[in-house]
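One structure is given here, and the rest of the page talks about it.
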DNA sequence: ATCCCGAGGG
DNA sequence: CCCTCTGGAT
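In the UniProt record's numbering, the protein residues as written are 1 to 215.
This is the structure we're talking about:
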């Protein structure tokens, strides 16, 4: 099976079985999504969703968050990974939004990554979900699932994975393909013991092919 | 012990 | 390229 055929199978499968895939992070506006994605680094969406309601209530916008002190915000983030860094990043991000962007969320990756706590992955999520740009955010799930199936070859960094995926995925499907791969990685192609028995991607999966050969 | 929608700094 | 940050679930 060629790589082109592999992509065609995978995209068609998800198109049929998960036509409405979207993020599981809770948010009502671009500001809330930006905060939630920053908090989601090395942390499950479930845990992020347990903390964000209190944060959004106390700090409903960038303006209020820009005036938060470390000691006020830290307790709300305490139960998430890297609370120190994330507290500093959120306040710094809000302050830069107020000073340089009039309180609005920028619509380009190059501007977004200037914000504290915002790297390429987060910038790709925002520009994809909010601004509908064909950018592929590569997190741990997208990285692992793409490598296992064989959508990428020898990708050693998230950026390599991103560029390889963009070569084969039509622009209009990039944003949903991102969520397809994430949800597949979260519930089926999980890191420790992938549930190949209930995986519809099997016929096109490199990992499964080597798995049945080894038996 | 390993993993979760990473980012920043050296 | 490497390292550190760093809590909770499995």
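Note that CB positions come from ideal geometry on N, CA and C, so glycine has one too.
Reduced DSSP secondary structure (H/G/I, E/B, other) of residue i
i: residue 85; result: helix
i: residue 99; result: helix
i: residue 12; result: helix
i: residue 183; result: helix
i: residue 30; result: helix
i: residue 210; result: helix
i: residue 203; result: helix
i: residue 249; result: The shown model of the chain, from 1 to 215, leaves out residue 249, and the question about it has no answer.
i: residue 189; result: coil
i: residue 36; result: helix
i: residue 4; result: helix
Nearest to residue i (by Cα), restricted to the options the options
i: residue 207; options: 190, 71, 150 and 172; result: 150
i: residue 122; options: 33, 19 and 9; result: 33
i: residue 110; options: 84, 97, 99 and 124; result: 124
i: residue 85; options: 128, 127 and 70; result: 70
i: residue 179; options: 141, 168, 166 and 210; result: 141
i: residue 67; options: 98, 2 and 147; result: 98
i: residue 147; options: 185, 173 and 112; result: 185
i: residue 183; options: 145, 192 and 171; result: 145
i: residue 152; options: 204, 187 and 175; result: 204
i: residue 8; options: 193, 75, 102 and 170; result: 170
State whether the stretch 116-131 contacts the stretch 93-102, with contact taken as three or more CB pairs (one from each stretch) at a distance under 8 Å.
Segments in contact, yes.
Could you give the uninterrupted runs of the alpha helix (DSSP H) lying entirely in the UniProt domain "HhH-GPD" (39-187), keeping only those of 4 residues or more?
Segments of the alpha helix (DSSP H) lying fully in the UniProt domain "HhH-GPD" (39-187): 45-58, 62-66, 70-77, 83-100, 109-112, 120-129, 140-149, 158-168 and 174-187.
If contact is defined by three or more beta carbon pairs under 8 Å, each pair taking one atom from either stretch, is the stretch 126-135 in contact with the stretch 150-161?
Too few Cβ pairs lie closer than 8 Å, so no.
Would you check if there are 3 or more beta carbon pairs closer than 8 Å linking the stretch 48-65 to the stretch 23-35?
Yes: the two stretches touch, three or more of their Cβ pairs being nearer than 8 Å.
Between the stretch 78-88 and the stretch 52-62, are three or more C-beta pairs nearer than 8 Å?
Taking one beta carbon from each stretch, the stretch 78-88 and the stretch 52-62 have fewer than 3 pairs nearer than 8 Å; the two do not touch.
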